[in-house]
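Input: a single structure, listed below in structure tokens.
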Amino acid sequence: MADIALGAGGRNSPQPAAAQLAHQVTAQLAAIERATRRLLDTVAELDDLGVHRPSLLPGWSRAHVISHLARNADGVSNLLIWARTGIEHPMYASGEDRDRAITAGAARNHRLLLEDLAASCDRFEQAAHTLPDTAWTAEIADAVGDPMPAHHMLRLRLLEVWVHLVDLDHGFDFADIPLPDLEQLLEDAVQQFGGRPDVPALSVEVDFGDHRRTWDLRGTTSPPSRVRGAPGPMLGWLLGRTGPEHLEGDPPGLPEWL
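Under my numbering, the first residue of the sequence shown carries the number 306, and numbering increases by one thereafter.
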């Protein structure tokens, strides 16, 4: 399982003004903290047997997912060091080191997994809350080496936490994600597909109750397929976690999201 990147659409979005950015960062940190509390509560409900049962990700146990989330938190903390100092500090020393760390962590028992996850999340939150305002616009690079402003990492971390919380397969679904976060995650999921030659032309319409959003993807087919649905089922389908059974329209086959 790769760490999430935004794709060309997300990386190339314009920088917000300073006041808008400060508000955005505050809101995103609060959203991450809410998601993290739900994640930690969910992991705490498991036991030694439960953490080593399969997750929804092929070949990964729940322990692999938990270990991945902990290492991702530390990786994002490394990017905060880069943003703070201006000295290149990538998420991981290498992809191989990242994979070895996840595998080693997945062998731990429930208590150690929970302690590791909680500590890594706390390190990230402490680093984020003490980052100078000006550092959020610093240019860093995501897990695949693509440049992005530092504040984009908050979107990536929020997506990681919510999506992998579902992957733990322990009573939490995409429909349980708060609507404001779902809207942002849908936007990021669509952006991840942006500019990819293997994506069909697609119009995605989502009903949030008090408003509707439509995202259009210019793909390789014409005319575009039109798909409508509720936020949770739509996100699950775009990410390849669920099928199109609860959607309306003509959902096409999609390539792997990552």
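In this text, a Cβ means the ideal position worked out from N, Cα and C, and glycines have one as well.
These figures come from a predicted structure and were not determined experimentally.
Is the distance from the Cβ of Ala-406 to the Cβ of Ala-455 below 8 Å? no
Closest Cα partner of Asp-308 within the set Ser-360, Glu-465, Ala-506: Glu-465
Does the ligand NAP have even one heavy atom less than 7 Å from the beta-carbon of Leu-544? Among the ligands in the structure shown, none appear at all, so the ligand NAP cannot be discussed.
On the premise that Val-504 lies in contact with Gly-524, defined as a C-beta separation below 8 Å, what is that separation, rounded to the nearest angstrom? 5 Å
Rounded C-beta distance between Ser-382 and Ala-432? I'm assuming under 8 Å. 5 Å
In whole angstroms, give me the CA-to-CA distance for Gln-497 and Leu-544. 10 Å
Helix, strand or coil at Met-453 according to DSSP, with G and I counted as helix: strand
Beta-carbon gap between Gln-333 and Leu-463 smaller than 8 Å: yes
List the residues that DSSP assigns as beta-bridge partners of Glu-430. DSSP lists no partner for Glu-430.
Host alpha helix (DSSP H) of Ala-446 (start-end): Looking at the DSSP string, Ala-446 is not in any alpha helix (DSSP H); the run it does join, the beta strand (DSSP E), is 444-446.
Would you call the region 464-482 and the region 343-357 in contact, with 3 or more CB pairs under 8 Å? yes
Apart from the five residues on each side of it in sequence, which residues of its chain come closer than 7 Å, Cβ to Cβ, to Leu-487? Pro-536, Gly-537, Leu-540
Hey, how far is the Cα of Val-348 from the Cα of Pro-363? 19 Å
Can you check the region 326-388 for any beta strand (DSSP E) of at least 3 residues that lies completely inside it and give the ranges in chain order? none
Cβ contact check for the region 367-380 and the region 418-430: 3 or more pairs under 8 Å: yes
From this set, Asp-512, Leu-552, Leu-419, which residue's C-alpha is nearest Glu-350's C-alpha? Leu-419
Is Val-511 closer than 8 Å to Gly-548 when the C-beta atoms are compared? no
Tell me, please, which residues DSSP counts as bridged to Leu-522. Leu-507
Check the C-beta distance from Val-330 over to Trp-441 and give it rounded, since I have them as a contact under 8 Å. 6 Å
Which value, in whole angstroms, describes the spacing of the CA atoms of Leu-563 and Val-449? 11 Å
According to DSSP, what are the bridge partners of Glu-553? Arg-533
Beta-carbon proximity list for Ala-313, same chain, < 7 Å, skipping 5 on both sides: Per-residue confidence for Ala-313 stands at a pLDDT of 49, beneath the threshold of 50, marking its modelled position as unreliable; the derived number appears in the next sentence. Only Gly-499, Gly-500 meet the Cβ criterion.
In the DSSP assignment, find the alpha helix (DSSP H) that holds Leu-490 and state where it starts and stops. 484-498
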